[in-house]
Amino acid sequence: MQQELLTEPNIKTMKKNRIIFWAATIILVIWEGLMPLGTVLFAPEYVNVGTKPLGYPDYFAVTLIIFKVLGAIALIIPNLSPRLKEWVYAGFTFNLIFAVISHIVVDKNIAYILMPIIVLIILMISYITYHKRLKLKTN
Numbered sequence: 006m007q008q009e010l011l012t013e014p015n016i017k018t019m020k021k022n023r024i025i026f027w028a029a030t031i032i033l034v035i036w037e038g039l040m041p042l043g044t045v046l047f048a049p050e051y052v053n054v055g056t057k058p059l060g061y062p063d064y065f066a067v068t069l070i071i072f073k074v075l076g077a078i079a080l081i082i083p084n085l086s087p088r089l090k091e092w093v094y095a096g097f098t099f100n101l102i103f104a105v106i107s108h109i110v111v112d113k114n115i116a117y118i119l120m121p122i123i124v125l126i127i128l129m130i131s132y133i134t135y136h137k138r139l140k141l142k143t144n
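Using my numbering, read the sequence shown as starting at 6 and increasing by one per residue.
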């Protein structure tokens, strides 16, 4: 069984999955972690610019940023518990789904609706390739 893992197609598949995983995950870390953190550090007056028009209180924006940054960090820590990473993926999924719903209900702006959908697709790519890599490691 170990010899199967070392065949040329499996090595190529592992490399491909690793590249896709890291590309998608780096985009997520930038979008969901670094950008919100940058807002807090360099433009705190804009912390609630995305949540205020939707009717959310200011403390919600701050809490959301804290959890986004922590989630982004958790995604890039290599040997972190797979269960914890599942929670991170779930949290980002809920956040993005509720962002879509909020924009559909409140402002109906197609660009604001599409952006979390695009990020959700990138999140799904990261999640799927994360599990493919995990499966290959355990075989």
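All residues carry an ideal CB built from backbone N, CA and C; glycine is no exception.
Only a predicted model underlies this, so the values are computations on that prediction, with no experimental measurement involved.
So, is Glu-37 buried or exposed, given that buried needs 16 or more other C-beta atoms within 10 angstroms? As a first step, residue 37 is located in the sequence shown; it is residue number 32 there, counting from the start. Buried, by the Cβ-count rule.
Continuous alpha helix (DSSP H) assignments of at least 4 residues falling wholly in the region 22-53: List check, alpha helix (DSSP H) in window: 40-47.
Would Val-34 be called buried (16 or more neighbouring beta carbons within 10 Å of its own) or exposed? Counting from 1 along the sequence shown, the entry for residue 34 is found at position 29. It is buried - the Cβ of Val-34 has at least 16 other Cβ atoms within 10 Å.
Closest to Phe-72 by C-alpha separation, out of Pro-41, Tyr-51, Ser-86, Lys-113, would be which residue? What you label residue 72 is simply residue 67 of the sequence shown in a count that begins at 1. Nearest of Pro-41, Tyr-51, Ser-86, Lys-113 to Phe-72, Cα basis: Pro-41.
Expressed to the nearest angstrom, what Euclidean distance is found between the alpha-carbon atoms of Tyr-51 and His-108? In the sequence shown, residue 51 corresponds to position 46, counting from 1. In the sequence shown, residue 108 corresponds to position 103, counting from 1. So the two alpha carbons sit approximately 18 angstroms from each other.
Leu-59 versus Lys-17: straight-line alpha-carbon distance, rounded: By 1-based counting over the sequence shown, the position of residue 59 is 54. By 1-based counting over the sequence shown, the position of residue 17 is 12. In a straight line, the C-alpha of Leu-59 is about 45 angstroms away from that of Lys-17.
When we look at the beta-carbon of Met-6 and count the other beta-carbons within 10 Å, is it buried (16 or more) or exposed? On the sequence shown, position 1 is the one that residue 6 refers to. Caution applies to Met-6, whose pLDDT of 45 falls short of 50 and renders its modelled position unreliable; the value that the coordinates give is listed next. Its Cβ having fewer than 16 others within 10 Å, Met-6 is exposed.
With a threshold of 8 angstroms, are at least 3 pairs of Cβ atoms found where one atom belongs to the region 123-133 and the other to the region 62-79? Touching, no, given that fewer than three Cβ pairs across the two stretches are closer than 8 angstroms.
I want to know whether the region 129-137 touches the region 22-34 - three or more CB-CB distances under 8 angstroms. For the pair of segments examined, the region 129-137 was found to touch the region 22-34: the number of CB pairs separated by less than 8 angstroms reaches three.
Expressed to the nearest angstrom, what Euclidean distance is found between the alpha-carbon atoms of Ile-78 and Lys-90? Locating residue 78 in the sequence shown gives position 73, where the first residue counts as 1. Locating residue 90 in the sequence shown gives position 85, where the first residue counts as 1. Their backbone Cα atoms lie some 10 angstroms apart in a straight line.
Tell me the DSSP secondary structure of Lys-90 in three-state form. Mapped onto the sequence shown, residue 90 falls at position 85. The three-state reading of DSSP puts Lys-90 in helix, counting H, G and I together.
With DSSP run on the structure shown, which of helix, strand or coil describes Asp-63? Within the sequence shown, residue 63 is the residue found at index 58, counting from 1. In the structure shown, Asp-63 sits in a helix (DSSP, three-state: H, G or I).
If I'm right that Ile-115 touches Val-105 with Cβ under 8 angstroms, what's the distance once you round it to whole angstroms? Here residue 115 refers to the residue found at position 110 of the sequence shown. Here residue 105 refers to the residue found at position 100 of the sequence shown. Incorrect: roughly 11 angstroms between the Cβ atoms, too far for contact.
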